[in-house]
Each structure stands twice: as structure tokens, then as C-alpha cells.
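Quick notes on the structure that follows.
Numbering (full-length UniProt numbering), first residue to last: 1 to 219.
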């Protein structure tokens with residue numbers, strides 16, 4: 001496999017090959033972390049012929065360094081904080097509360113924009129594959145795993161095209177399995193490992209979800 005990936009579609013097709021053992025199973029559900037995780041997850045769901053839905057999570061960026069995640073929140077009132085980072089940067093509780101409040105509003109907006117009135121999928125006793133376009137600190141994915149555990153899935157698998165090796169190792173303690181195609185060093189940033197890392201729009205997310213949902217209803 002050659003880096004960088006051409007785009008998220010190519011990364012998704014390559015990830016699907018690594019996730020092939022989960023293909024065609026009736027107990028498997030893929031949950032994408034929007035927005036960037038949707039194009040990747042769509043390709044995986046298509047290749048494996050399994051359902052696709054959303055796992056809504058919002059990163060809590062450090063004020064002034066928004067790309068640096070001090071934690072994340074997920075649907076269901078889940079909040080994860082990287083206490084070591086928060087302490088080292090001396091981020092106050094009031095600043096954290098302000099960031100959480102802002103990101104909670106965006107989480108609710110996305111829930112309505114992407115899902116509308118469509119019910120949240122049943123995950124109890126299912127094998128759930130969480131997919132994003134890459135990991136940096138892993139805070140957002142960790143919040144997703146914590147939120148998902150509360151809904152009692154049978155198994156949680158994390159699938160990503162690229163991430164730092166230490167992040168992958170930390171997440172192995174959280175999930176039942178982590179599949180990552182590449183762990184380049186030095187890592188620097190997810191976007192470094194894609195030739196096209198343009199932002200995925202709300203419209204693209206909705207379009208991919210509708211296509212996936214309609215195909216399942218027709219099957």
C-alpha cells in the first residue's frame with residue numbers, strides 16, 4: 001500500500017479489503033464518524049454489503065489550538081476528557097464548559113441535519129465497526145467507543161486508514177479490535193496522508209447516507 005491515499009474513496013476501498021472478514025454478516029453494522037468518516041465508511045459498507053449509519057461525536061478543541069483535542073463528546077451525554085493534556089495546558093473548568101456547550105449545539109444540529117426523524121439503529125449484541133478517515137490523538141474515537149459501550153454491542157471494531165502507532169495501541173485497550181492500514185512516523189496530521197483531503201460537506205454526508213439507506217431498503 002502506498003501513501004498518501006488519493007482521497008477518502010480510495011482509502012475506504014483499501015480499508016474494506018482489510019475488513020473483508022466482516023462482509024455479508026447479518027450481525028455487522030458500520031457506524032461512520034461524520035463528516036470525513038462518511039466517504040470512507042460508505043465504500044466499506046458497499047464492499048462488505050452491510051448497513052451504514054452514523055456515530056455522532058464532536059471533538060473538544062483547545063481554545064486557540066482547535067485542531068488539538070482535549071476531549072470529545074458524543075450523543076447520549078458522553079464526555080471524554082484527556083486529563084493529562086487539560087492539566088498540562090491548565091485549561092480551566094469554565095473554559096471546558098464553554099467549549100462543551102458550543103460543541104453540544106453542533107452535535108444536536110448535525111443529528112437533525114443528517115438523521116432527521118430516522119431512528120437510531122439497534123446495536124445491542126451487534127458487531128459494530130466504527131470508521132473515521134484517520135486518527136490523531138484518538139479522543140473523538142474514544143468518546144465514540146464509550147458512548148457505544150452503553151448501548152451494549154456484542155463487539156466493537158475500529159477501522160481507520162491512518163493513525164499514529166501510539167494512538168492505535170491506546171485504542172486497542174478500549175475496543176475489541178483496531179484495524180489501521182498505516183501508522184507512519186512522524187505522523188504530524190491526518191491530512192498529510194491524503195492527496196485530496198478537502199472538507200466533506202453536510203450535503204455529501206446526507207447524500208451518502210440516503211444512498212446507503214435506500215439500497216438497504218431495496219435489498
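Backbone N, C-alpha and C define an ideal beta-carbon position, used for all residues, glycine too.
Whose C-beta lies closer than 7 angstroms to the C-beta of residue i among residues of the same chain, with five residues either side of it excluded?
| i | result |
| --- | --- |
| residue 183 | 163, 164, 165 and 168 |
| residue 19 | 44, 48, 129, 159 and 179 |
| residue 144 | 33, 55, 57, 74 and 130 |
| residue 80 | 71, 72, 139, 142, 143 and 146 |
Could you have a look at residue i and say whether DSSP puts it in helix, strand or coil?
| i | result |
| --- | --- |
| residue 155 | strand |
| residue 208 | helix |
| residue 187 | coil |
| residue 109 | helix |
| residue 215 | helix |
| residue 220 | No statement about residue 220 is possible, as the shown extent of the chain runs from 1 to 219 and does not include it. |
| residue 62 | strand |
| residue 166 | helix |
| residue 39 | helix |
| residue 222 | Because the chain is modelled from 1 through 219, residue 222 falls outside the range shown and cannot be assessed. |
If we ignore side chains and look at the alpha-carbon of each, how far apart do residue i and residue j end up?
| i | j | result |
| --- | --- | --- |
| residue 84 | residue 69 | 12 angstroms |
| residue 52 | residue 213 | 7 angstroms |
| residue 90 | residue 50 | 44 angstroms |
| residue 222 | residue 209 | Since the displayed the chain opens at 1 and closes at 219, residue 222 lies outside it and no answer follows. |
| residue 146 | residue 126 | 16 angstroms |
| residue 106 | residue 219 | 33 angstroms |
| residue 174 | residue 156 | 9 angstroms |
| residue 198 | residue 25 | 32 angstroms |
| residue 17 | residue 100 | 37 angstroms |
| residue 78 | residue 148 | 10 angstroms |
| residue 216 | residue 29 | 12 angstroms |
By Cβ distance, which residues of its chain are closer than 8 angstroms to residue i, with the 5 residues on each side in sequence left out?
| i | result |
| --- | --- |
| residue 5 | 11, 14, 161, 162, 193, 194 and 195 |
| residue 111 | 56 and 75 |
| residue 185 | 164 and 165 |
| residue 82 | 69, 70, 71, 137 and 139 |
Hey, out of the options, whose CA is closest to residue i's CA?
| i | options | result |
| --- | --- | --- |
| residue 115 | 126, 31 and 66 | 31 |
| residue 220 | 24, 38 and 7 | With the chain covering 1 to 219 only, the question about residue 220 has no answer from this structure. |
| residue 139 | 71, 215 and 171 | 71 |
| residue 36 | 92, 191, 142 and 3 | 191 |
| residue 137 | 100, 16 and 187 | 187 |
| residue 132 | 205, 21 and 61 | 205 |
| residue 113 | 207, 2 and 98 | 207 |
| residue 104 | 61, 88, 171 and 3 | 61 |
Around the Cβ of residue i, are there at least 16 other Cβ atoms within 10 angstroms (buried) or fewer (exposed)?
| i | result |
| --- | --- |
| residue 41 | buried |
| residue 109 | exposed |
| residue 27 | exposed |
| residue 141 | buried |
| residue 8 | buried |
| residue 64 | exposed |
Using a Cβ-Cβ cut-off of 6 angstroms (strictly less than) and excluding sequence neighbours within five positions of residue i, which residues of its own chain qualify?
| i | result |
| --- | --- |
| residue 153 | 123, 126 and 128 |
| residue 102 | none |
| residue 176 | 155 and 156 |
Nearest chain B C-beta to residue i closer than 8 angstroms, yes or no?
| i | result |
| --- | --- |
| residue 16 | Any reference to chain B falls outside this structure, which holds one protein chain only. |
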